[in-house]
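Protein chains in written order, with the numbering used here: chain A, 1 to 313; chain B, 314 to 671.
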Amino acid sequence: MATRTLRQAQDTAFETDRLYNVRRILGQSIAYVLLIISILPIVIGYAWVIIATFSYRTEGLLPIDAEGNVGGLILDNWSFLWENKFPSYAPIWRVTLNSLIIALGMVVGVGTISSLAAYALSRMNFSGRKSFLSLTLILHAFPSVTLLIAIFFVLRFISGMPGIGKLFGYNTVGGVALVMISLDLPLGVWLMKGFFDNISWDMERAALIDGASRFRVWWEIIIPQIKPGLAALSVFTFLTGWNAYLVPATFTIGGTTANLPVYLKQFMSDTAPVNWNMIAAVGLFQLIPVMIFFLFTQELLLNIYSGGAKGGT
Amino acid sequence: MKVELENLTKRWGSVVGADSINLNIQDGEFVAFLGPSGCGKTTTLLMIAGIYKPTKGFIRFDGHVVNQLAPKDRNVGMVFQSYALYPHMNVFQNISYPLKLKKVPKEEMREQAQRVADMMGIGHLMDRKPAQLSGGQQQRVALGRALIKEPNLLLFDEPLSNLDARLRLSMRGQIKRLQMELGITSIYVTHDQVEAMTMADRIAVMKDGKLQACSTPDELYDRPCTLFIAGFVGNPPMNFVEVEVVREDGEYHARREGFDVVVPPDRGEKVVGKGTVILGIRPEDVTIADTGVSGEIYVVEPLGRDDLIDVRIGEAGVHVLADPTLGLRMGHNVRLNFNTHKVQFFDPQTEQSLLWGD
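Listed below in structure tokens is the structure:
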């Protein structure tokens, strides 16, 4: 009798287990199906772009050659890598270098200035601090288009200066980097201030009492604490600089000073038929470094959202 | 080193952090700043450390005014409630940071750090990061960092608040012992009156930015000079009952409705005929007896060794420490005997003691 009940109990338990397993697998499958369906358009889109760059033309996802038959991958669209497409422009590698200079210049400039400024704004009490903070916020909300004409005059003025005019004036890569840095600073300062606000005052006081100067406290004690914030800010400013179009397009006149997005625009001519597949290839070329960069910095980017808010005592 | 505070005041606009504090601390003395949160004790400490600039008044170290001296030039060591260790440095780097800033040679730095760490019992943890240490160990690192530069003055800002009760007890003893052995003048900020009572040579009680009194623990306990001190020092806190003291047949009676206690003449004569005054008596000075003031038990709180009993006498309530074996229950009627040699009297308006004037 007793053994039978035990058997029965075991059977029931087994049955519930199985039911539970089936239900769990079913639930997971549904989740996967829904996720795959929602992500499919994006995947197809990218696949299409990649296939298109190696084809004469495409029909759906299928490459079509010049005779109208299916098949045949070609490298013609990537010829911009070894042929100079526009006589008035520098070759693609020079253009890529320009993009890199702007992006890295922004990383260094925005990183240095905003971590210094944000530290002062977070820790020191001086008159005009509050209004300065709200002013930078307003500046950040300002569309940069509205500033273009004023910036043009500033850059022309810098051009007139001996020496630095050649580096940071109108129609120079340095000038573009300078303008981009200043436009990105409000965001940088606010972001870094959030990170500084999160560090306890006690640590700073301890360092001061231990005998450190204000600058050493900033450099040896505080900066190591906000490395994640600095890294996240670097990633964001790099992407901003790398993809910049409006400012470079406005303040450079082609030739050797163009960056990648400006260069890309040259393919969309009003007079000749547009080779969209080549545009896709250039776009993909521009995307590759960003993709690699992003793979390595994903975690840091997520960090930025846990940064802000809450001050010390 | 001797520390003198003269009219020390800190204001932020209309907010007063510390208000005209006058205090002399002798060389090698251990003084505790005691008071509730926000009473200005940490503000005062940070002024002494040089983090805050005083709005008014003077801080003197051995007779020299140090108001304008930067924290690094004051040679003080400080331990924070949050420990304030540098999370990116290991224990060795944390402890030796003050020496690194003084540009002490590497070899000597290592030697000294090891010596201090061994003294604190954390010599085997030199390669750990603060996050890998327990609260007690972090506390020791912070203490070691404060001690390594051989400061003239040690400042503690509620250093034990974040530790669990058992560890707090043992650290309390260790800090006291260490301070005695090293003989460094120390200021210890706390809101825990037990900590202040057990560790300090003298206790400075603060309230609302003002220094209420500074005297030895015993004096503070037996002869509190304000109502605030009487209520703040001691656990469970002192009972307060509004009474009127009258003289009858050569005896002094403290009376209110349902309450009549004979007080000794040396205390009674100071308050007789002053109208309503506040009588204070500690729970351990009231006993359950066969005769005396009668009242009803409102609630019984077992504390283990004793029961804390809230007895209602008319409108007034008195806490009594009683033997748990008496088996007292809520609602019982009891009689209370007051040890009147320990009663205190306070003026209800000025809240000053009527027995122990300045």
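Using N, Cα and C, we set each Cβ at its ideal position, and we do this for glycine too.
For the 9 Å CB-CB criterion, B:THR589 and B:VAL556 form a contact.
Per the DSSP secondary-structure output, B:SER528 pairs in a beta bridge with B:ILE516. For A:MET192, there are no neighbours in chain B by C-beta distance under 9 Å, as the nearest C-beta there is about 18 Å away. Straight through space, the alpha carbons of A:VAL189 and A:ILE226 are spaced by roughly 13 Å. For B:ALA543 against B:LEU347, the beta-carbon gap comes to about 13 Å, at or over 8 Å, which does not count as contact. Bounds of the beta strand (DSSP E) holding B:ALA331 are 328-338. Non-local C-beta neighbours of B:GLU628 in its own chain, meaning closer than 8 Å and more than five positions away in sequence, comprise GLU570, ordered along the chain.
Using a Cβ-Cβ cut-off of 9 Å, B:VAL389 is close to ILE209 of chain A, given in chain order. Exposure of A:ARG18 is indicated by the presence of fewer than 16 other C-beta atoms within 10 angstroms of its C-beta.
By the beta-carbon neighbour count (other beta carbons within 10 angstroms, threshold 16), A:MET161 is exposed. Taking a cut-off of 8 Å for Cβ pairs, the region 392-409 of chain B and the region 442-452 of chain B touch, as three or more such pairs fall below it. Under the criterion of beta carbons closer than 8 Å, A:VAL282 and A:PHE80 qualify as touching, at roughly 6 Å.
Listed in chain order, the alpha helix (DSSP H) runs fully inside the region 42-112 of chain A amount to none, counting runs of at least 4 residues. The beta-carbon separation of B:LEU466 and B:MET314, rounded to 6 Å, stays under the 8 Å limit for a contact. For B:LYS323, no Cβ of chain A is located within less than 9 Å of the residue's own Cβ. In the DSSP assignment, B:TRP669 is bridged to no other residue. For B:LEU414, the chain A residues whose C-beta falls within less than 8 Å of its own C-beta are ASP210, GLY211, ALA212, ARG216, listed in chain order. Contact between A:LEU284 and A:ILE64 does not hold, since the beta-carbon distance rounds to 19 Å and is not under 8 Å.
When 7 Å is used as the limit between beta carbons, B:SER395 is near these residues of chain A: SER200, ASP202, in chain order.
Taking a beta-carbon distance threshold of 9 Å, B:ALA455 counts as an interface residue toward chain A. Rounded to the nearest whole angstrom, the CA to CA distance from A:ALA52 to A:LEU155 is 40 Å. In this structure, B:GLU614 keeps its C-beta atom at 9 Å or more from the C-beta atom of B:ARG625. The three-state secondary structure of B:GLY522, taken from DSSP, is coil. Across the region 425-437 of chain B, no CB contact with chain A closer than 7 Å is found for any residue.
A:ARG205 and A:MET106 have their C-alpha atoms some 32 Å from each other.
Under the Cβ distance rule, A:ARG129 does not count among the residues neighbouring chain B, no pair being separated by less than 9 Å. The distance from the Cβ of B:ILE488 to that of B:MET512 is about 7 Å, consistent with a contact at the 8 Å cut-off. Pairwise C-beta distances place the region 219-235 of chain A in contact with the region 190-201 of chain A, as three or more of them are shorter than 8 Å. For B:ILE372, there are no C-beta contacts with chain A under 9 Å, since the nearest C-beta of that chain is about 15 Å from it.
CA-CA distance, A:SER122 to A:GLY111, rounds to 16 Å.
Annotated as distal: B:LEU540 and B:ILE594, with beta-carbon spacing of 9 Å or more. The beta carbon of B:LEU616 sits no closer than 9 Å to any beta carbon of chain A.
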